[in-house]
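One structure is given below, encoded as structure tokens.
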Amino acid sequence: MPAHIKANRGEIAERVIIAGDPARVEQLSRLMECSRLVNANRGFITFTGKYKSFDISVACHGIGGPSAAIVFEELVSLGAKLIVRLGTTGGLRREIKRGEFIIPTFAGHVSGPLAHYCRDFPPCTAPDLDLTLAIIGAVKKRNIQPYIGPVFSNDAFYAESESLAERLSVLGYIGIEMECATIFGLGMLRNVKTASLLVVSNNLIEKSELADARELQQFIEIAGLSVMDALTSINVK
1 MPAHIKANRG EIAERVIIAG DPARVEQLSR LMECSRLVNA NRGFITFTGK YKSFDISVAC
61 HGIGGPSAAI VFEELVSLGA KLIVRLGTTG GLRREIKRGE FIIPTFAGHV SGPLAHYCRD
121 FPPCTAPDLD LTLAIIGAVK KRNIQPYIGP VFSNDAFYAE SESLAERLSV LGYIGIEMEC
181 ATIFGLGMLR NVKTASLLVV SNNLIEKSEL ADARELQQFI EIAGLSVMDA LTSINVK
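Rendered as structure tokens:
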């Protein structure tokens, strides 16, 4: 049994959604049938249930790359094979509005736990193409046009300055968050398919206020259903 997720093998599904906010995990768990709590240790609450007859787990990965790495490794040790981060992001283009969706094609980073896994070469931090395309398709089926492009995974939330946002935007990044690079990089290293669907919480270029969880609930539900549709469309190998 892992050190933090106190679940047994068989209690974690092969298809997993991870999110940083425990309240968001609870919200997503209500989209499944027969949802049951399989871990509450250390705040990494995890539920397993069914969606369209498929087993799916929803787990909290906490905040930042180190926490996400712990949860990722332990979920994989318990049998996870497809892992999607459903989180929030700050927009880095003026036209990106609160509540809109970003689907990352790459996650840039300059620090984080991956340095301890890949000391000599920078790791590949791109998501799985098939899983990403499945999420894009599932979102578009709900008549939503997502923004698709690279995001930047930052380790210091309170260092996300106006100058940093503008610099990242010029470099081509469309969103900033904290965990995708770690998740995508570990997915490559562990041969696990990963992807992400991010809900925009604010716009750093426009300096809009950060939306709270209640304001984003309706968008999280749509995102959750889209990710579950995508996960159940992919064969686990």
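This note's numbering puts the first residue of the sequence shown at 1, with every later residue one more than the last. Glycine included, every Cβ here is placed at the ideal spot set by N, Cα and C. The model shown is predicted, which means the values in this text are computed figures rather than measured ones.
In whole angstroms, give me the CA-to-CA distance for residue i and residue j.
i	j	result
alanine 69	lysine 207	30 Å
phenylalanine 44	glycine 79	17 Å
methionine 188	arginine 98	31 Å
serine 201	glutamate 95	13 Å
alanine 159	isoleucine 63	15 Å
lysine 193	phenylalanine 72	12 Å
phenylalanine 157	serine 111	13 Å
glycine 224	lysine 81	18 Å
Within its chain, find whatever has a CB closer than 7 Å to the CB of residue i; leave out the 5 residues flanking it on each side and keep chain order.
i	result
arginine 52	One point to set straight first is that residue 52 is lysine, not arginine, in the sequence displayed. Excluding positions up to five away in sequence, the list reads Thr232.
proline 66	Pro113
arginine 93	Ser169, Ile174, Ile205
serine 77	Pro2
With H, G and I counted as helix, E and B as strand and the rest as coil, what does DSSP make of residue i?
i	result
arginine 167	helix
serine 196	strand
isoleucine 183	helix
phenylalanine 106	strand
isoleucine 174	coil
isoleucine 18	strand
serine 201	strand
glutamate 221	helix
glycine 112	coil
glutamate 100	coil
leucine 189	helix
glycine 91	strand
leucine 28	helix
Using a Cβ-Cβ cut-off of 6 Å (strictly less than) and excluding sequence neighbours within five positions of residue i, which residues of its own chain qualify?
i	result
glycine 185	Leu114, Pro123, Thr125
aspartate 55	Ala13
Please work out which residues of its chain come closer than 8 Å, Cβ to Cβ, to residue i, disregarding the five sequence neighbours upstream and downstream, and give them in chain order.
i	result
isoleucine 25	Per the sequence presented here, residue 25 reads as valine, with isoleucine not at that position. Cβ within range, chain order: Ala19, Ile45, Thr46, Phe47, Val58, Ala59, Cys60.
aspartate 130	Lys193, Ile234
Please list the segments of the beta strand (DSSP E) lying wholly inside the stretch 50–80, counting only runs of 3 or more residues, in order along the chain.
DSSP runs (the beta strand (DSSP E)) wholly in the stretch 50–80: 54–60.
Could you give the uninterrupted runs of the alpha helix (DSSP H) lying entirely in the stretch 121–160, keeping only those of 4 residues or more?
129–141
The stretch 207–218 / the stretch 172–186 touching (three or more Cβ pairs under 8 Å):
no
Would you check if the stretch 102–113 and the stretch 24–42 touch, i.e. whether three or more CB-CB distances between them fall below 8 Å?
no
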